[in-house]
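In the numbering used here, the protein residues as written are 1 to 278. Only one structure is covered here, and it is reproduced in the block below.
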Amino acid sequence: MTSIPDITLNNGQTIPQLGFGVFLIEPKDTATAVSRALKAGYRHIDTAEGYGNEAEVGEAIAKSGLDRGEVFVTSKLGNDAHEPDDARRAFDETLKALGTEYVDLFLIHWPLPDRYGGDFVQTWRVLEEVYRDGRARSIGVSNFQPRHLRRLHGEAEIIPAVNQIEVNPHLTQDELRGFCAEHQIAVEAWSPLGRGGVLAEPVIQSIANRAGKTPAQVVLRWHIQRGDIVFPKSVTPARIKENIDIFDFELPATDVEDITLLNKNERTGPDPDKFNGR
Ligand code: NAD
Numbered sequence: 001m002t003s004i005p006d007i008t009l010n011n012g013q014t015i016p017q018l019g020f021g022v023f024l025i026e027p028k029d030t031a032t033a034v035s036r037a038l039k040a041g042y043r044h045i046d047t048a049e050g051y052g053n054e055a056e057v058g059e060a061i062a063k064s065g066l067d068r069g070e071v072f073v074t075s076k077l078g079n080d081a082h083e084p085d086d087a088r089r090a091f092d093e094t095l096k097a098l099g100t101e102y103v104d105l106f107l108i109h110w111p112l113p114d115r116y117g118g119d120f121v122q123t124w125r126v127l128e129e130v131y132r133d134g135r136a137r138s139i140g141v142s143n144f145q146p147r148h149l150r151r152l153h154g155e156a157e158i159i160p161a162v163n164q165i166e167v168n169p170h171l172t173q174d175e176l177r178g179f180c181a182e183h184q185i186a187v188e189a190w191s192p193l194g195r196g197g198v199l200a201e202p203v204i205q206s207i208a209n210r211a212g213k214t215p216a217q218v219v220l221r222w223h224i225q226r227g228d229i230v231f232p233k234s235v236t237p238a239r240i241k242e243n244i245d246i247f248d249f250e251l252p253a254t255d256v257e258d259i260t261l262l263n264k265n266e267r268t269g270p271d272p273d274k275f276n277g278r
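As structure tokens, this is what we get:
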């Protein structure tokens, strides 16, 4: 079976560098997709309250025959639940839906610039509570910009273990990634394939032809060699297998650089400075 490297987070916990994302997988299709991923060797699932499929993720893990400790599970706080009491309730509901006593990682999904008076620190304190009581083994943020992270550095007791941000060859995020590296915050790259939009790039196609791999495998390998954590999404059995089969080859440094040069600072998803979660 494919051996997936672990990344050690700033609190000593480890996370498999490659996982399986379930955004935009219909609840009715989620248990099947997650079961296929677990059979293919994935041991890290990335879900969120907002994806509406936490229960189906939990169902697939329960049915897999794997011990709970063998699968790393991430979920995220809903955008409507940033008030502290709502956040506490939402976290309880996440655990209930997943059918588990703890999550491996719990994130604030979006900073939400114009809601809750811009006060994500009060929300972060609830994440610190669930970290301290052991129900979240690690806590982190998603879509946070340097100024949000600086504010947590100044006001919070616990530094986020990860920042989950959009990264792909058209949005390489090197400045924000550099900031995270300086502050010992691991980067998780969401939409690592740019939802498929980067795969037709001639540079990527030609590297794939030379390596005898697919464009998706080359792009995922690029992320891995840059040190980021990824969790591509697919419901197609062949692609689920293809996306994990990336640990038997290495890109030369020049290929990594050539792919990085495709950057256009172009997002596929919302801009965290404008997105208010609705
Ligand atoms: P992705 O970049 O993983 O792209 C998925 C799409 O790429 C698939 O729907 C399919 O069309 C295509 N694809 C997948 N494998 C392929 C292959 N081998 N060959 C060709 N095409 C292939 O995009 P995503 O699902 O948006 O992101 C992955 C995960 O990141 C999500 O499932 C979710 O867990 C996470 N995410 C987080 C946030 C956030 O705000 N924190 C936002 C979006 C996504």
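Backbone N, C-alpha and C fix where the C-beta goes; we use that ideal spot for every residue, glycine too. Just so we're clear, the structure is a prediction, and the values are computed from it rather than from any experiment.
* **Pair within 8 Å by beta-carbon distance, Val198 and Pro169** => Here residue 198 refers to the residue found at position 198 when the sequence shown is read from its first residue. Here residue 169 refers to the residue found at position 169 when the sequence shown is read from its first residue. Yes.
* To do: Output the boundary residues of the beta strand (DSSP E) element that contains Asp29.
  => In the sequence shown, the residue the question calls residue 29 occupies position 29. Careful: Asp29 lies outside any beta strand (DSSP E), inside the alpha helix (DSSP H) at Pro27 to Ala40.
* Asked: What is the DSSP secondary structure of Gly117, counted as helix, strand or coil?
  -> In the sequence shown, residue 117 corresponds to position 117, counting from 1. Looking at Gly117 - three-state DSSP - the assignment turns out to be helix.
* Taking the continuous beta strand (DSSP E) assigned at Ser142, which residues delimit it? -> Counted from its first residue, the sequence shown places residue 142 at position 142. Ser142 -> beta strand (DSSP E) spans Ile139 to Ser142.
* Cut-off 7 Å between Cβ atoms - residues of its own chain near Gly212, not counting five sequence neighbours on either side -> Counting from 1 along the sequence shown, the entry for residue 212 is found at position 212. Result list for Gly212: empty, nothing under 7 Å.
* Asked: Buried or exposed: which applies to Gly69, given that a residue is buried once 16 or more other Cβ atoms fall within 10 Å of its Cβ?
  -> As a first step, residue 69 is located in the sequence shown; it is residue number 69 there, counting from the start. Exposed, since its Cβ has fewer than 16 Cβ neighbours within 10 Å.
* Asked: Of all the beta strand (DSSP E) runs that stay within the bounds of the stretch 147–206, which reach a length of 3 or more residues?
  -> 162–166 and 186–190
* Asked: Measuring from the CB of Trp190, is there a heavy atom of the ligand NAD at a distance below 7 Å?
  -> Here residue 190 refers to the residue found at position 190 when the sequence shown is read from its first residue. The answer is yes for Trp190.
* Roughly how many whole angstroms lie between the Cα atoms of Glu234 and Gly50? -> The residue you call residue 234 lines up with position 234 of the sequence shown. The residue you call residue 50 lines up with position 50 of the sequence shown. According to the sequence provided, residue 234 is Ser. The question's Glu does not apply to it. When rounded, the distance between both Cα atoms is 18 Å.
* Out of curiosity, what's the CA-to-CA distance linking Val187 and Thr47? -> Position 187 of the sequence shown, counted from the first residue, corresponds to residue 187. Position 47 of the sequence shown, counted from the first residue, corresponds to residue 47. So the two alpha carbons sit approximately 16 Å from each other.
* Got a sec, what are the start and stop residues for the beta strand (DSSP E) Pro16 sits in? -> If you number the sequence shown from 1, residue 16 lands on position 16. Note, Pro16: beta strand (DSSP E), Thr14 to Pro16.
* May I have the straight-line CA-CA distance separating Gly12 from Ala136, to the nearest angstrom? => Numbered from 1 along the sequence shown, position 12 holds the residue referred to as residue 12. Numbered from 1 along the sequence shown, position 136 holds the residue referred to as residue 136. If I take the Cα positions, the gap works out to 14 Å.
* **Three-state class that DSSP yields for Phe91 in the structure shown** => As a first step, residue 91 must be located in the sequence shown, where it is residue number 91. In this structure, Phe91 counts as helix in the three-state DSSP scheme.
* Through-space distance from Arg43 to Asp67, alpha-carbon basis -> As a position in the sequence shown, residue 67 is number 67, starting the count at 1. As a position in the sequence shown, residue 43 is number 43, starting the count at 1. So the alpha carbons of these two residues sit roughly 11 Å apart.
* To do: Using 10 angstroms around the beta-carbon of His223, count the other beta-carbons present and answer buried if the total reaches 16, otherwise exposed.
  => Stepping through the sequence shown from its first residue, residue 223 is reached at position 223. Counting Cβ neighbours within 10 Å, His223 comes out buried, since at least 16 surround it.
* Asked: To which residues of the same chain is Ile205 closer than 7 Å at the C-beta, ignoring the five residues directly before and after it?
  -> Start at 1 with the first residue of the sequence shown, and residue 205 comes out as number 205. A small fix is needed here, since residue 205 is Gln in this sequence, not Ile. The residues are Pro215.
* **Sequence-distant residues of the same chain with beta carbon closer than 6 Å to Ala55, five excluded per side** => Here residue 55 refers to the residue found at position 55 when the sequence shown is read from its first residue. Around Ala55: Ala97.
* **Per-residue burial, Glu166 [other beta carbons within 10 Å of its own, 16 or more giving buried]** => By 1-based counting over the sequence shown, the position of residue 166 is 166. Classification for Glu166: buried.
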